[in-house]
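Here the structure comes first, spelled out in structure tokens, and everything after it is commentary.
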Amino acid sequence: MADINHFEYGWITPALSYALSVLGSVLGLVCAGRIRTARTTGQRAWWGLLAAWALGGTAIWAMHFMAMLGFAVEGTRIRYDVPLTAASTAIAVVAVGIGLAIVGTGRLNPVRLVAGGIFTGAGVASMHYTGMAAMRLNGSLGYDSLRVVLSVVIAVVASTVALWLAMTVQRGLAIFVSALVMGIAVNGMHFTGMSALSVHRHERVGGVTGAQVSTLLVPIMVAVIFGVVGLLYALLAAPTDDDRAAAAYLDGRRVPEPAAASTPAAAPDPVGLRARSTLGQPGTPFPSRRDTPPR
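Residues are numbered in my numbering as their position in the sequence shown, beginning at 1, plus a constant of 27.
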């Protein structure tokens, strides 16, 4: 059995993984709050997608990959299968998205919350072990069944709490504190699952195929940075409840524009002088005595 080191670079990788999980949780909770105030189905779908990316893609998957940077096995290199790694990302985002759809449609109740938590927790656990299966090294992986079950239970409980917070928390300080708690839960699930792992190294050393960590690190970090920037832009550009209330107030205070001026009514002409007179009309010659017929 090979020796495993989960913290090859010391405290740097767990600190960065925790920071990513907190950042993703904050953005995810804020986006989930916009689901509750959305007025149309399209708006709810849009904010649900952003919340799924923030929670599943940043708070869970990016945290998982950052923590894996500190994972090392004595006597073997570690590579990663790119399609399986990408599949683990999709599993995390889709699982969180479906969980948000379950609890976010209709009135929140315990049945919806538990169902969404179970589905999302199973998806998070599947993401973790799919990411582990993407590792390529000179050895075979083994897992302690009890710790695997414990990691799945933690994933389900953490997902249930996360969904409940996403549907109930609204204030800034509460969102930040909730994100700190969610970060602890996500990291706790990851390292519990990692503690269940054992590696039996092969006697014959062969070539290890797959992408190096350094090869995957740059595109992943670029995707995370652009994703976070995009989420921040979407949140800052979208009108808040206060903005809508201010716009409604201004609309109510706006003075209506006056109607177009109508043609002034003609003065009354009871004896018909206007009809008989030709004075003042353009093109009419001035009358003279010669034009008067003899009597």
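Glycine residues also receive a C-beta, built at the ideal position from the N, C-alpha and C atoms. Bear in mind that the values here come from a model prediction, so they are computed numbers and not experimental data.
- Its chain contains Ala185 as the residues whose beta carbon lies nearer than 6 Å to that of Ala212, once the 5 sequence neighbours on both sides are disregarded; these appear in chain order.
- Within 10 angstroms of the beta-carbon of Pro41 lie 16 or more other beta-carbons, which makes it buried.
- Taking the C-beta atoms as reference points, Gly60 is found no nearer than 8 Å to Thr85.
- Under the DSSP assignment, His227 falls outside any alpha helix (DSSP H), being part of the beta strand (DSSP E) whose first and last residues are Leu224 to Arg228.
- Val235 sits in coil when the DSSP states are folded into three classes, being neither helix nor strand.
- Rounded to the nearest angstrom, the gap between the Cα atoms of Thr112 and Gly133 is 34 Å.
- Gly158 and Gly37 have their alpha carbons spaced roughly 22 Å apart.
- In this structure, Ile202 sits away from Val208, with a CB-CB distance that is not shorter than 8 Å.
- In the three-state scheme derived from DSSP, where H, G and I count as helix and E and B as strand, Met28 is classed as coil.
- In the DSSP assignment, Gly169 falls within the unbroken beta strand (DSSP E) covering Gly166 to Tyr170.
- About 6 Å separates the beta carbons of Gly102 and Ala29, which is inside the 8 Å limit, making them a contact pair.
- Its chain contains Phe98, Ala99, Met162, Arg163, Leu164, Val235 and Val240 as the residues whose beta carbon lies nearer than 8 Å to that of Ile105, once the 5 sequence neighbours on both sides are disregarded; these appear in chain order.
- Under the three-state reduction of DSSP output, Val196 falls in the coil class, being neither helix nor strand.
- Bridge pairing for Ala99: Asn32 [DSSP].
- Annotation for Ala160: the continuous alpha helix (DSSP H) segment containing it runs Pro137 to Ala160.
- Here the C-alpha atom of Leu259 lies approximately 18 Å from the C-alpha atom of Ile247.
- Per the coordinates, the alpha-carbon of Ile62 lies some 16 Å from the alpha-carbon of Leu140.
- Around the beta carbon of Asn214, 16 or more other beta carbons sit within 10 angstroms, so the residue counts as buried.
- Here Ser153 is actually not in contact with Met90; their C-beta atoms are around 16 Å apart, not less than 8 Å.
- Between Leu262 and the set Asp278, Leu243, Trp88 and Trp73, the nearest pair of CA atoms involves Trp73.
- With contacts defined by Cβ atoms closer than 8 Å, Leu135 and Leu224 do not form a contacting pair.
- At the C-beta level, Tyr107 and Gly237 come within 8 Å of one another.
- About 4 Å separates the beta carbons of Leu54 and Ala81, which is inside the 8 Å limit, making them a contact pair.
- In the three-state DSSP reduction, Arg63 falls in the helix class (H, G or I).
- Per the coordinates, the alpha-carbon of Gln70 lies some 14 Å from the alpha-carbon of Val57.
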